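**Student:** Using the UniProt record's numbering, the letters of the sequence shown correspond one by one to residues 1 to 299.
Every residue, glycine too, gets a C-beta built ideally from N, C-alpha and C.
The model shown is predicted, which means the values in this text are computed figures rather than measured ones.
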Amino acid sequence: MKKILLIFTVFLYLGCTKRAETLKPKEQFLAGQVPKEIPVAFMPNLVSKDSLIHKGIFSNDYTRYYYTVSDKKFSKFDIKMIHKKNGKWSKPTIAFFNSSYNDHGMSFSPNGNTLYFSSTRPTDIKGIPDTWHLWKCENINGNWSTPKFIDIPNLRNKLVSHPSVTDKGTLYFHSSNIDYSDMTIYFSNQKNGKFEDAKKVHLIPQHSNGYCTPYIAPDGTFLLYASIGEPLTLNISYKKNDRWSTPEQLPSAINQNNQGNPYITPDGAFLFYTHQYKDDKMGWDIFWVSTKSFLHIEE
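1. Following the continuous beta strand (DSSP E) through Pro262, name the residue where it begins and the one where it ends.
2. Using CA coordinates, which residue listed in Ser70, Val47, Met106, Ser90 is at the minimum distance from Ile264?
3. Identify every run of the alpha helix (DSSP H) within the stretch 81-155, keeping only runs that are complete inside it and at least 4 residues long; order them along the chain.
4. In angstroms with no decimal places, state the Cα-to-Cα distance between Arg121 and Trp89.
5. Whether or not the stretch 61-72 and the stretch 94-111 are in contact is what I'm after, with contact meaning three or more pairs of Cβ atoms, one per stretch, closer than 8 angstroms; do they touch?
6. Give me the residue from Phe74, Ala31, Ile38 with the minimum Cα distance to Asp52.
7. Check the C-beta distance from Phe149 over to Trp132 and give it rounded, since I have them as a contact under 8 angstroms.
8. With 16 other CB atoms within 10 Å as the buried threshold, where does His174 fall?
9. In this structure, how does DSSP classify Thr166 when only helix, strand and coil are distinguished?
10. Buried or exposed: Leu23, going by 16 or more other Cβ atoms within 10 Å of its Cβ?
11. Mark Ser237 as exposed unless 16 or more other C-beta atoms lie within 10 angstroms of its C-beta, in which case mark it buried.
12. Within the same chain, show all residues whose beta-carbon is closer than 8 angstroms to that of Ser291, passing over the 5 residues directly before and after it, in chain order.
13. Output the distance between the C-alpha atoms of His207 and Lys85, rounded to the nearest integer angstrom.
14. Are there 16 or more other CB atoms within 10 angstroms of the CB of Asn192, so buried, or fewer, so exposed?
15. Report the CB separation of Gln190 from Leu171 in whole angstroms; it is logged as a contact under 8 angstroms.
16. Can you grab the Cα-Cα spacing for the pair Lys72 / Ser48, in whole Å?
17. When you compare the CB positions of Pro214 and Ile185, do they come within less than 9 angstroms of one another, or not?
18. Just to confirm the assignment, what range does the alpha helix (DSSP H) spanning Phe29 have?
19. Between Phe77 and Ser100, what straight-line distance do the alpha-carbon atoms span, to the nearest angstrom?
20. Would you say Leu250 faces chain D, with C-beta separation under 9 angstroms as the test?
21. Do the CB positions of Asn154 and Asp197 come within less than 9 angstroms of each other?
22. For Pro205, does the count of other Cβ atoms within 10 angstroms reach 16, so buried, or fall short, so exposed?
23. State the DSSP-derived secondary structure class of Thr63, mapped to helix, strand or coil.
24. Cβ atoms of Lys239 and Leu223: under 9 angstroms apart, would you say?
25. Expressed to the nearest angstrom, what Euclidean distance is found between the alpha-carbon atoms of Pro251 and Lys126?
26. Threshold first: 3 residues or longer. Then list the beta strand (DSSP E) segments lying entirely within the stretch 174-225, N to C.
27. Using only the alpha-carbon positions, how far apart do Ile228 and Gly210 sit?
28. May I ask you to report which of helix, strand or coil DSSP gives His296?
29. Can you name the start and end residues of the beta strand (DSSP E) that Tyr277 belongs to?
30. So, helix, strand or coil for Thr246, using DSSP?
31. Is the CB-CB distance between Asp151 and Phe195 below 9 angstroms?
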């Protein structure tokens, strides 16, 4: 096996990340410590101790950071945003696409022009239950559109959440029954602006409790996701000859307790993910680590 140079995403973001590519990580992330093989917490005091932080993502130019916060009973999820101001991160504000319902699981398209997320807001379509579904906003001439429901035809009566998309527009996400049973990862191809019936991602062996919170590489060559269980464990599979490799756990330095919501920065350099401390009083944090610590391809 060999380490790969993580350049595949750079070319996808020429218009959005040209400035960001010239910055050193400390300046780019406004972080005191930049990790290598050992993960460190990213802005550990970002949320209050009576809240839980979930997924976090950056805009493609790294000027904004979006993250999900919930109460400890998981009864309300909100997406907040901080932005760079005078060399510091600003105070949090509610994200422009957040609603009075629950919102979570956001991700940008590789070119940064479409924002996907999951929400429990009503679809106003007869026969579709009020649960988590997929939505999107599009950046048109610098302005974000009103969120639009994403219809996955064969999953209208299911819970659908945590979208991640390739540069060709193929959408990956997890789906389950409304009671969260039978959860696993699906994908849906896009044709003429609409998404087709979803298919399950064939991961062998299939974990008995299922998989969730996927992140798909922009070029579709690898998939990061969590296996459901005690603990929740991060895995990676590589795509070769249109088949997914056997799930491979990420290093033990990453899989310390419960982990989920993997996300890789637009330049491919860092993995961000949610980590639950073994001490429940400490709650959850977003951790980050260099992708060179785990990402590889076969000779």
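**Tutor:** On the basis of the coordinates in this document:
1. Locating residue 262 in the sequence shown gives position 262, where the first residue counts as 1. 258-264 is the extent of the beta strand (DSSP E) around Pro262.
2. Looking up residue 264 in the sequence shown gives position 264. The residue with the shortest Cα to Cα distance from Ile264 is Met106.
3. none
4. Indexing the sequence shown from 1 puts residue 121 at position 121. Indexing the sequence shown from 1 puts residue 89 at position 89. Distance between the alpha carbons of Arg121 and Trp89 is about 29 angstroms.
5. yes
6. Taking the sequence shown and counting its residues from 1, the one referred to as residue 52 is at position 52. One point to set straight first is that residue 52 is Leu, not Asp, in the sequence displayed. Out of Phe74, Ala31, Ile38, Phe74 has the C-alpha closest to the C-alpha of Leu52.
7. Here residue 149 refers to the residue found at position 149 when the sequence shown is read from its first residue. Here residue 132 refers to the residue found at position 132 when the sequence shown is read from its first residue. Wrong, their Cβ atoms sit about 12 angstroms apart, outside the cutoff.
8. Counting from 1 along the sequence shown, the entry for residue 174 is found at position 174. Counting Cβ neighbours within 10 Å, His174 comes out buried, since at least 16 surround it.
9. Along the sequence shown, read from residue 1 onward, the residue named residue 166 stands at position 166. Reduced to three states, the DSSP call for Thr166 is coil.
10. Here residue 23 corresponds to residue number 23 of the sequence shown, with the count starting at 1. Counting Cβ neighbours within 10 Å, Leu23 comes out exposed, since fewer than 16 surround it.
11. For the purposes of this step, residue 237 is taken as the residue at position 237 of the sequence shown. That one is buried.
12. Translated into the one-based positions of the sequence shown, residue 291 becomes position 291. It is worth fixing the name first, because residue 291 is Thr in this sequence and not Ser. Leu6, Ile264, Gly268, Ala269, Phe270, Leu271.
13. Walking along the sequence shown from the start, residue 207 turns up at place 207. Walking along the sequence shown from the start, residue 85 turns up at place 85. Whole-angstrom Cα-Cα distance: 44 angstroms.
14. Working through the sequence shown from its first residue, we reach residue 192 at position 192. So Asn192 ends up on the exposed side.
15. Locating residue 190 in the sequence shown gives position 190, where the first residue counts as 1. Locating residue 171 in the sequence shown gives position 171, where the first residue counts as 1. About 7 angstroms separates the two Cβ atoms, so the contact holds.
16. Residue numbering aside, residue 72 sits at position 72 when the sequence shown is read from its first letter. Residue numbering aside, residue 48 sits at position 48 when the sequence shown is read from its first letter. Looking at the two C-alpha atoms, the distance is approximately 11 angstroms.
17. In the sequence shown, counting from the first residue as 1, residue 214 sits at position 214. In the sequence shown, counting from the first residue as 1, residue 185 sits at position 185. Yes, they are a contact pair.
18. Taking the first residue of the sequence shown as position 1, residue 29 is located at position 29. Counting along the chain, the alpha helix (DSSP H) containing Phe29 begins and ends at 25-29.
19. Here residue 77 refers to the residue found at position 77 of the sequence shown. Here residue 100 refers to the residue found at position 100 of the sequence shown. Cα to Cα, Phe77 sits roughly 9 angstroms from Ser100.
20. Among the chains in the structure shown there is no chain D, since it carries only a single protein chain.
21. Working through the sequence shown from its first residue, we reach residue 154 at position 154. Working through the sequence shown from its first residue, we reach residue 197 at position 197. Yes, they are a contact pair.
22. Taking the first residue of the sequence shown as 1, we reach residue 205 at position 205. Pro205 is exposed by the Cβ-count criterion.
23. For the purposes of this step, residue 63 is taken as residue 63 along the sequence shown, with counting starting at 1. Here Thr63 sits in coil by DSSP.
24. Working through the sequence shown from its first residue, we reach residue 223 at position 223. Working through the sequence shown from its first residue, we reach residue 239 at position 239. The answer is yes: Cβ separation under 9 angstroms.
25. For the purposes of this step, residue 251 is identified with residue 251 of the sequence shown, where counting begins at 1. For the purposes of this step, residue 126 is identified with residue 126 of the sequence shown, where counting begins at 1. The alpha-carbon atoms of Pro251 and Lys126 are separated by roughly 46 angstroms.
26. 184-188, 211-216
27. For the purposes of this step, residue 228 is taken as the residue at position 228 of the sequence shown. For the purposes of this step, residue 210 is taken as the residue at position 210 of the sequence shown. Straight-line Cα distance between these residues: approximately 6 angstroms.
28. By one-based count along the sequence shown, residue 296 stands at place 296. Residue state, collapsed to three classes: strand.
29. Walking along the sequence shown from the start, residue 277 turns up at place 277. Where Tyr277 is concerned, there is no enclosing beta strand (DSSP E), given that its DSSP letter is neither H nor E.
30. The residue given as residue 246 occupies position 246 in the sequence shown. Residue state, collapsed to three classes: coil.
31. In the sequence shown, counting from the first residue as 1, residue 151 sits at position 151. In the sequence shown, counting from the first residue as 1, residue 195 sits at position 195. Their beta carbons are under 9 angstroms apart, which means Asp151 touches Phe195 by this criterion.
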